[in-house]
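Chains as they are written, first to last, in my numbering: chain A, 22 to 500; chain B, 18 to 102.
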């Protein structure tokens, strides 16, 4: 039993007593300990780095510096949401707009991000209260089988999605007549560069700075001069006149473009890694809500940009075929729109590579039970750093394979994520309702109802697409 | 009065300085550690949370969902492979 006794008042720094018995010291990895020499203190380098970050939070809170407090606490929520506005998602939104106009999707995108908020708020809360990632909690609380199932699901969807991110960067670069090799070098270089900061705070700020560039899709929407009257009336317009499979594919891939397994793993682990506690829940909710609103606006930006192709020529876009999408936009909406869209795709892919690689690394460290923090050194957290860079390297290598089915991989990445998602969502709901873990921060009835509705919608979308597409592929029903 | 050799004085003063530096860094460490909740310490998070007991109903529900999810994934992967041809 640990003898430390911390008072955790939200108004000021807690009073420490870091006297730990030998049994507690023995349970910690020996190489991560920094003792003071008297054999009584057990604080790892990771603890010290996190404590410095928390000291700034306590200082801002005790001096009532609200702006600074907000600046210090935002991050995981915005990154999860903007990270999910990745290359395939922005292409999916733009493709929806180009093929079917704004009708269904203008209200659908904010609704999906509201659903994403319900899920992400839960994992932020679990991370803040338990200080543990999703993977390790599932593994420890419900057994290794469920933990490893979750980790395998995540690894598969992450690798497929990472390939799609490299493809998105390649599409953007192709607009400037640059090739796949540069796309891989850019993606990998970013991962290694951000890892070299050796602090969660530095990694997060670089990723956040890059993620804000996602706003370029709002600029392209404005530059493509959408007809606002049409946009408003389109909200009440009927469903797209497409076949059932196409409609299900669109809905399933759009759901998969908004809520994915990696977001759950990432935000919970990043919340714990950042050092967010139960006293920061209000800011955590604000961070997640801000991320959902901003990502929704930028997603609509991509939809409206794509709709320029629908309203002017009625032509579809070949999203991942070379530089097809930005070039098609440049043709109908001007060179500036094409250039900014190409840059936006590069940014969307790059930020997603950072966040998805991080979620893979967190999950690997959590499931194996070794150090998994940006605040740890590469020597202490070997698996975390290797998995982070390795996942990106593996996906990057795939796009260099001549003749690899990149278009199919990219288009199916979101659908696969949607199909696998319900399992993670159910386990997350169980954790959020676990009073032994969550105490007074366990889910209320209203949150549970919303979460169950989200799981039902996601599950139904994935299953309906899977069954319908399969029956048509084996010609059991007509297309 | 016995005069101490200069080397001994230097060693003693270095020891005093070393001790005060150690105390100083210990104080800083104390202050910083005070900003963390107990449960945030690596030594705490490295210890597993107690295992929950899943009722038969919950365990069956989870396995059913797992089977459905795997079947749906298999369908999606089949369609993906079929599209390649």
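C-beta atoms are modelled at their ideal positions from N, C-alpha and C, and glycine is treated no differently.
### Task
Just the C-alpha distance for residue 133 (chain A) and residue 64 (chain A), rounded to the nearest angstrom, thanks.
Translated into positions along the first chain, residue 133 (chain A) becomes position 112. Translated into positions along the first chain, residue 64 (chain A) becomes position 43. Cα to Cα, the separation comes out at about 42 Å.
### Query
Would DSSP call residue 398 (chain A) helix, strand or coil?
Locating residue 398 (chain A) in the first chain gives position 377, where the first residue counts as 1. Residue 398 (chain A) falls in the coil class under three-state DSSP.
### Query
Are there three or more Cβ pairs, one per stretch, closer than 8 Å when the stretch 84-94 of chain A is compared with the stretch 303-311 of chain A?
yes
### Message
What does the alpha-carbon distance come out to for the pair residue 66 (chain B) and residue 394 (chain A)?
### Response
As a first step, residue 66 (chain B) is located in the second chain; it is residue number 49 there, counting from the start. As a first step, residue 394 (chain A) is located in the first chain; it is residue number 373 there, counting from the start. Each residue's Cα considered, the two are about 19 Å apart.
### Task
Would you kindly work out how many angstroms separate the C-alpha atoms of residue 318 (chain A) and residue 72 (chain B), rounded to a whole number?
By 1-based counting over the first chain, the position of residue 318 (chain A) is 297. By 1-based counting over the second chain, the position of residue 72 (chain B) is 55. The alpha-carbon atoms of residue 318 (chain A) and residue 72 (chain B) are separated by roughly 43 Å.
### Query
Would you say residue 243 (chain A) reaches chain B, if we count a Cβ-Cβ gap shorter than 9 Å as a contact?
Within the first chain, residue 243 (chain A) is the residue found at index 222, counting from 1. No, residue 243 (chain A) does not count as interfacial toward chain B.
### Query
Does residue 48 (chain A) come within less than 9 Å of chain B when only Cβ atoms are used?
Mapped onto the first chain, residue 48 (chain A) falls at position 27. Note that residue 48 (chain A) has pLDDT 33, beneath the 50 cutoff, so the model's placement of it is unreliable and no number is given.
### Query
Would residue 380 (chain A) count as contacting chain B if we go by Cβ distances under 9 Å?
Mapped onto the first chain, residue 380 (chain A) falls at position 359. Residue 380 (chain A) does not count as touching chain B.
### Query
At what residues does the alpha helix (DSSP H) containing residue 87 (chain A) begin and finish?
Within the first chain, the letter at position 66 stands for residue 87 (chain A). Segment 87-94, the alpha helix (DSSP H) holding residue 87 (chain A).
### Query
Just how far apart, CA to CA, sit residue 294 (chain A) and residue 131 (chain A)?
Indexing the first chain from 1 puts residue 294 (chain A) at position 273. Indexing the first chain from 1 puts residue 131 (chain A) at position 110. Roughly 29 Å between the two C-alpha positions.
### Query
Cα separation between residue 99 (chain A) and residue 369 (chain A)?
The residue you call residue 99 (chain A) lines up with position 78 of the first chain. The residue you call residue 369 (chain A) lines up with position 348 of the first chain. Roughly 14 Å between the two C-alpha positions.
### 6 Å CB neighbourhood of residue 33 (chain A) in its chain, flanking five on each side removed
Against the first chain, residue 33 (chain A) aligns to sequence position 12. Caution is warranted here: a pLDDT of 36 is assigned to residue 33 (chain A), below 50, making its placement in the model unreliable, and no coordinate value can be reported.
### Task
Report, in whole angstroms, the separation of the C-beta atoms of residue 21 (chain A) and residue 410 (chain A), which I expect to be a contact under 8 Å.
A query on residue 21 (chain A) cannot be resolved here, the shown segment of chain A reaching from 22 to 500 and no further.
### Query
Straight-line CA distance for residue 145 (chain A) to residue 68 (chain A)?
Residue 145 (chain A) sits at position 124 when you count from the first residue of the first chain. Residue 68 (chain A) sits at position 47 when you count from the first residue of the first chain. Spanning the two alpha carbons is a distance of roughly 20 Å.
### Task
In angstroms with no decimal places, state the Cα-to-Cα distance between residue 477 (chain A) and residue 141 (chain A).
Counting from 1 along the first chain, the entry for residue 477 (chain A) is found at position 456. Counting from 1 along the first chain, the entry for residue 141 (chain A) is found at position 120. So the two alpha carbons sit approximately 16 Å from each other.
### Within-9 Å CB hit, residue 62 (chain B) to chain A
As a working mapping, residue 62 (chain B) is identified with position 45 in the second chain. Closer than 9 Å: yes.
### Message
Using a Cβ-Cβ cutoff of less than 7 Å, which residues in the same chain neighbour residue 92 (chain B) once the five nearest sequence positions on both sides are dropped?
### Response
By 1-based counting over the second chain, the position of residue 92 (chain B) is 75. Around residue 92 (chain B): no qualifying Cβ.
### Query
the stretch 118-152 of chain A: which residues have C-beta closer than 9 Å to a C-beta of chain B, in chain order?
150, 151, 152
### Task
Would you kindly check if the distance between the Cβ of residue 436 (chain A) and the Cβ of residue 483 (chain A) is under 9 Å?
Within the first chain, residue 483 (chain A) is the residue found at index 462, counting from 1. Within the first chain, residue 436 (chain A) is the residue found at index 415, counting from 1. Yes. Within cutoff.
### Task
Measure from the alpha carbon of residue 414 (chain A) to the alpha carbon of each residue in A:108, A:109, A:207, then state which is nearest.
Position 393 of the first chain, counted from the start, is the residue given in the question as residue 414 (chain A). Taking only the C-alpha atoms, the option nearest residue 414 (chain A) is A:207.
### Query
Assuming residue 49 (chain B) and residue 73 (chain A) make a contact with CB atoms under 8 Å, what is their CB distance in whole Å?
Locating residue 49 (chain B) in the second chain gives position 32, counting from the first residue. Locating residue 73 (chain A) in the first chain gives position 52, counting from the first residue. Between residue 73 (chain A) and residue 49 (chain B) the Cβ distance is about 6 Å, and since that is below 8 Å, they are a contact.
### Task
State yes or no: is the C-beta of residue 284 (chain A) within less than 9 Å of the C-beta of residue 102 (chain A)?
Within the first chain, the letter at position 263 stands for residue 284 (chain A). Within the first chain, the letter at position 81 stands for residue 102 (chain A). Contact: yes.
### Query
Among the residues of its own chain, which have a CB less than 8 Å from the CB of residue 139 (chain A), if the five just before and after it don't count?
In the first chain, counting from the first residue as 1, residue 139 (chain A) sits at position 118. Only 468, 471, 472, 475 meet the Cβ criterion.
### Query
Is any beta-carbon of chain B found at less than 9 Å from that of residue 198 (chain A)?
One-based indexing of the first chain puts residue 198 (chain A) at position 177. Taking Cβ atoms only, chain B never reaches closer than 9 Å to residue 198 (chain A), which makes this a no.
### Query
Comparing alpha-carbon positions, which option in A:480, A:430, A:428 lies nearest residue 443 (chain A)?
Stepping through the first chain from its first residue, residue 443 (chain A) is reached at position 422. It is A:480.
### Query
Between residue 459 (chain A) and residue 174 (chain A), what straight-line distance do the alpha-carbon atoms span, to the nearest angstrom?
What you label residue 459 (chain A) is simply residue 438 of the first chain in a count that begins at 1. What you label residue 174 (chain A) is simply residue 153 of the first chain in a count that begins at 1. Distance between the alpha carbons of residue 459 (chain A) and residue 174 (chain A) is about 25 Å.
### Query
For residue 192 (chain A), does the count of other Cβ atoms within 10 angstroms reach 16, so buried, or fall short, so exposed?
Counted from its first residue, the first chain places residue 192 (chain A) at position 171. Label assigned to residue 192 (chain A): buried.
### Limits of the unbroken alpha helix (DSSP H) element including residue 352 (chain A)
In the first chain, the residue the question calls residue 352 (chain A) occupies position 331. Unbroken alpha helix (DSSP H) run through residue 352 (chain A): 345-354.
### Query
In the structure shown, what three-state DSSP assignment does residue 376 (chain A) receive?
The count along the first chain starts at 1 and reaches residue 376 (chain A) at position 355. DSSP places residue 376 (chain A) in helix when its eight states are reduced to three.
### Message
Would residue 187 (chain A) and residue 419 (chain A) be called neighbours here (beta carbons separated by less than 9 Å)?
### Response
Here residue 187 (chain A) refers to the residue found at position 166 when the first chain is read from its first residue. Here residue 419 (chain A) refers to the residue found at position 398 when the first chain is read from its first residue. Contact flag set, yes.
### Message
With distance defined between alpha-carbon atoms, name the residue in A:270, A:330, A:385 nearest to residue 510 (chain A).
### Response
Outside the displayed range of chain A (22 to 500) lies residue 510 (chain A), so it cannot be described from this structure.
### Query
When the cut-off is 9 Å and only beta carbons count, does residue 352 (chain A) lie next to chain B?
Numbered from its first residue, the first chain carries residue 352 (chain A) at position 331. Judged by the 9 Å Cβ criterion, residue 352 (chain A) is not in contact with chain B.
### Message
Assuming residue 282 (chain A) is part of the alpha helix (DSSP H), what are its boundary residues?
### Response
Taking the first chain and counting its residues from 1, one reaches residue 282 (chain A) at position 261. Here the alpha helix (DSSP H) through residue 282 (chain A) covers 282-295.
### Message
Can you list, in chain order, the residues of its chain with a C-beta nearer than 6 Å to that of residue 392 (chain A)? Leave out the 5 residues immediately preceding and following it.
### Response
Position 371 of the first chain holds residue 392 (chain A). The residues are 401, 402.
### Message
Could you tell me the alpha carbon to alpha carbon distance between residue 358 (chain A) and residue 76 (chain A), rounded to whole angstroms?
### Response
Within the first chain, residue 358 (chain A) is the residue found at index 337, counting from 1. Within the first chain, residue 76 (chain A) is the residue found at index 55, counting from 1. In a straight line, the C-alpha of residue 358 (chain A) is about 45 Å away from that of residue 76 (chain A).
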